[in-house]
Each structure stands twice: as structure tokens, then as C-alpha cells.
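**Student:** This is the structure I have questions about; it appears just below.
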Amino acid sequence: GCSTGLVYHHDIVAPVVPTIAPSPASPNKEPKPDFGGTTEGGASVSVYTSAGCTTGLVGTVSAQPNGAWSLADVTVPTNTTTTYYATATDAAGNTSACSTGAAYRHDDVTPAAPTVSATDPVSPNNDATPDVLGTVAESGLTVRVYASSTCNTAVLATVANAPLSWRATNVQAVVNGSTTFYANATDAAGNTSGCSAAGVTYVHDNTLPGAPNTLATNPSPWSSTNHAPTVSGKAEPNSTVRVEVDGVVVG
Numbered sequence: 004g005c006s007t008g009l010v011y012h013h014d015i016v017a018p019v020v021p022t023i024a025p026s027p028a029s030p031n032k033e034p035k036p037d038f039g040g041t042t043e044g045g046a047s048v049s050v051y052t053s054a055g056c057t058t059g060l061v062g063t064v065s066a067q068p069n070g071a072w073s074l075a076d077v078t079v080p081t082n083t084t085t086t087y088y089a090t091a092t093d094a095a096g097n098t099s100a101c102s103t104g105a106a107y108r109h110d111d112v113t114p115a116a117p118t119v120s121a122t123d124p125v126s127p128n129n130d131a132t133p134d135v136l137g138t139v140a141e142s143g144l145t146v147r148v149y150a151s152s153t154c155n156t157a158v159l160a161t162v163a164n165a166p167l168s169w170r171a172t173n174v175q176a177v178v179n180g181s182t183t184f185y186a187n188a189t190d191a192a193g194n195t196s197g198c199s200a201a202g203v204t205y206v207h208d209n210t211l212p213g214a215p216n217t218l219a220t221n222p223s224p225w226s227s228t229n230h231a232p233t234v235s236g237k238a239e240p241n242s243t244v245r246v247e248v249d250g251v252v253v254g
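All letters in the sequence shown, in the order written, are residues 4 to 254 by the working numbering.
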């Protein structure tokens, strides 16, 4: 009798060029990211470090039936940027063109701690939400402000993409008390600095001083020759005392 049939499938069509992207996204401190994307379902995807996909093969993986593919735990050079490319080869041996590159920058270098240099307004003041000012050694960091020398308490303010001279606005201070502000910095790769070596102390005070008392003049109580007596008394330390005569400030 007649044999069973044998199907032959002719295919000279190259699979679609793969897409490729790292996970986690670049830059990052992860030393073994995954690379993945999409292509023709079932194709064999090869990842390279050369733009022509001819050298620097780092791994090969099969795409799923829906075309999704992922090459896990690719060991990348440390603290540098490497660009990865991919091709897809189908079951008939047709290979796609080389993909566009996907750059991955590994970075596990901790940034220098920021400095905290001043408050605006200066201390003491009756503004309970001063601005906190400082500097960083590199731009683009995320600066976070704290009220602890270890920077492990609640974040009081965040400055994203901070310039070299940064300002955190409207930072909550302790009402009628003293707050010392500190800061740390995190780069785009997720590396976080230590806490700033020194903080800036801000004293908030919105309590009215008591009225001056025990007022006296010298000479006292009157003089026919001295028309500019010395006025003295007691008031809150470091307060400013104004002396008025008939509603006019005279001292």
C-alpha cells in the first residue's frame, strides 16, 4: 500500500529582527541583568556584544510560541557601559539581521555624601517650614533630607535630579524646638551614599516674648540738665527691645 505522507516545508524568509532591552533598566547596580524582547515564535535568539552580531556571543535562548524571549543572568562588565545586540534564527536556519543595540550601564559605586550647609531663613526664626540648602559632588542625584544623623528616620524632603547646589523647600521643622537636618544621596543606579557628615541646626520659635519689665532711667526720676537719659530694664535674652516716646521709636 501507499506510505504515510512526509511534509516538507520550504522557508527562506528570515525571522523578524528581535527587540532587545535589559531588565532591570539601565543604569543599575545589578551585575547579572536579564535581556529580553520579542521575535518570531520558536526562533533561537542569540545575544552578542558586537554591533554586527558576529563576535561576543553571550548566550542563546529559544523564543516562546508567542515570540517573547528572555536570556537570564547575563554577567556584565562592572562599572562600565556595554551594548548588547541580538539575532533570531528560525527552524529552517534563516537568520535575521542584527538588532539595534541595548546599552546597559553597570554602576555599583556609592556617591559621596551630600553636605548640608544652611537653612533659609536662618535660625532662629518663626517659619516652621524653612528651606534646607546644600551641595553634592555630582549632578542628577536624588537628595533626601532627614532629622537624624543616621538618615534612617522619616524622609522630610526629596530633591530629584538635584543640581550641584540643591535646595529642599518647605521642610517641616519641630515647632518651637530645635531640628538638625542631615541628607543622603542616591544615584540613578540605586546606590545610596552615607549620611552627611554634619548637619545644620534650625530653631523654630513663634512664642511671643514677655513684655520688658523693671524699667528705669538714669538719671532718675528727672533731671533739669540731662535731656537724653539712659533707659534700662529686663527682657528675654537676645530679644530686640524698642523704646518709644509718645508713639515714636527713640531707641
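Note that beta-carbon positions come from the ideal geometry of N, C-alpha and C, so glycine has one too.
Computed from a predicted model, the values in this text were never measured in an experiment.
From A157, V177, V10 and V20, pick the residue whose C-alpha is nearest to that of N97; which is it?
**Tutor:** V20
**Student:** In whole angstroms, give me the CA-to-CA distance for T172 and A160.
**Tutor:** 8 angstroms
**Student:** Return the chain-ordered list of same chain residues with a C-beta closer than 7 angstroms to the C-beta of V16, the five sequence neighbours on each side being excluded.
**Tutor:** N97
**Student:** I'd like the ranges of any beta strand (DSSP E) spanning at least 3 consecutive residues and lying wholly in the region 13-59.
**Tutor:** 24-26, 37-41 and 47-51
**Student:** Give me whichever residues DSSP pairs with V162 in a beta bridge.
**Tutor:** Beta bridge pairing from DSSP links V162 with V146.
**Student:** Kindly indicate which residue of Y11, P68 and T84 has the alpha-carbon position closest to the one of P36.
**Tutor:** T84
**Student:** Taking the beta strand (DSSP E) that T183 belongs to, which residues open and close that run?
**Tutor:** S181 to T189
**Student:** Short of 6 angstroms in beta carbon distance, which residues of its chain neighbour D76, apart from the five on each side in sequence? Order them along the chain.
**Tutor:** Counting only Cβ-Cβ distances below 6 angstroms, and skipping sequence neighbours, we find K35.
**Student:** Going by C-alpha to C-alpha distance, which of V206, V248 and K237 sits closest to A231?
**Tutor:** V248
**Student:** Would you kindly work out how many angstroms separate the C-alpha atoms of T153 and T182, rounded to a whole number?
**Tutor:** 14 angstroms
**Student:** Taking the straight line between their C-alpha atoms, what separation do you get for A188 and V177?
**Tutor:** 23 angstroms
**Student:** May I ask you to list the residues that DSSP assigns as paired with V248?
**Tutor:** According to DSSP, V248 bridges with V251.
**Student:** In the region 102-158, which residue ranges form an unbroken beta strand (DSSP E) of at least 3 residues, counting only runs that do not cross its ends?
**Tutor:** 105-108, 118-123, 134-138 and 144-149
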